[in-house]
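In this note's numbering, the protein residues as written are 189 to 374. Worksheet: one structure, shown below.
Shown next as structure tokens:
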């Protein structure tokens, strides 16, 4: 038995007028934007996945941009602020996340300018201070490795991670003499 491509002739579904693709696209976009802000690229991909043709998708997306319902610049700024504040992510990680969401080039770099080197380092210090509390029972060497790894997984460059960990642990009274801290003296 072959699969049918449409509703059964004469059924209520068959008697319904075919949906307007632009209206379907608008409905999809409004539902997606109600859940959370999204980038134009994310929404376009979603429309194409749901069977909306490229021309219709681009026309509806352009209209949403024109009326301010889609704003990649605002999205990028909000994303950068949120990721640095809530997760303590470094610029390199946030840059990758923005690229994954379809925001690249000057727009991404402009948003990333919200994080200067000093504020990025300050956030790293905060993260290490919080995490250091749970590592008190470890040897200074293991503690330094664990804290450095935590920062590097969040995208902090090695030199920043090592210097921040050394600074915080020394402030907490750890004796780091003899602890091999990579990049010391570089």
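Virtual Cβ for every residue (Gly too), placed ideally from N, Cα, C.
Enclosing alpha helix (DSSP H) for residue i [first to last residue]
i	result
residue 207	It is not in any alpha helix (DSSP H) - residue 207 carries neither H nor E in the DSSP assignment.
Per-residue DSSP class, three states only, for residue i
i	result
residue 224	coil
residue 234	helix
Inter-residue spacing [alpha-carbon to alpha-carbon] between residue i and residue j
i	j	result
residue 213	residue 245	7 Å
residue 374	residue 348	The pLDDT assigned to residue 374 is 39, lower than 50, so where the model puts this residue is not dependable; a value taken from the coordinates is nonetheless given after this. Going from the Cα of residue 374 to the Cα of residue 348 covers about 12 Å.
residue 331	residue 320	8 Å
residue 228	residue 336	36 Å
residue 189	residue 238	With a pLDDT of 45 at residue 189, under the threshold of 50, the predicted position of this residue should be treated as unreliable, and no value is reported.
residue 292	residue 260	10 Å
residue 254	residue 248	10 Å
residue 236	residue 285	21 Å
residue 295	residue 324	42 Å
residue 333	residue 221	42 Å
residue 372	residue 225	Below a pLDDT of 50, predicted positions are generally treated as unreliable, and residue 372, at 42, falls in that range; the measurement from the model is reported next regardless. Their backbone Cα atoms lie some 43 Å apart in a straight line.
residue 297	residue 283	8 Å
residue 356	residue 322	14 Å
residue 288	residue 270	16 Å
residue 265	residue 327	40 Å
residue 233	residue 251	16 Å
residue 290	residue 361	45 Å
residue 215	residue 351	51 Å
residue 258	residue 217	10 Å
residue 307	residue 314	11 Å
Anticipated Cβ contact below 8 Å, residue i with residue j, distance rounded
i	j	result
residue 342	residue 299	Going by Cβ atoms, the distance from residue 342 to residue 299 rounds to 18 Å, so no, they are not a contact pair.
residue 316	residue 281	At roughly 17 Å, the Cβ-Cβ gap does not stay under 8 Å, so residue 316 and residue 281 are not in contact.
residue 231	residue 268	About 20 Å separates the two Cβ atoms, so there is no contact after all.
residue 311	residue 340	Residue 311 to residue 340, Cβ: 14 Å. No contact.
residue 197	residue 241	Going by Cβ atoms, the distance from residue 197 to residue 241 rounds to 26 Å, so no, they are not a contact pair.
In chain order, what are the residue ranges of uninterrupted alpha helix (DSSP H) at least 4 long that sit wholly in the segment 316-371?
328-341, 346-359
Mind pulling the alpha helix (DSSP H) runs of 4 or more residues that sit fully within the segment 229-314?
242-254, 260-270, 279-288, 293-300
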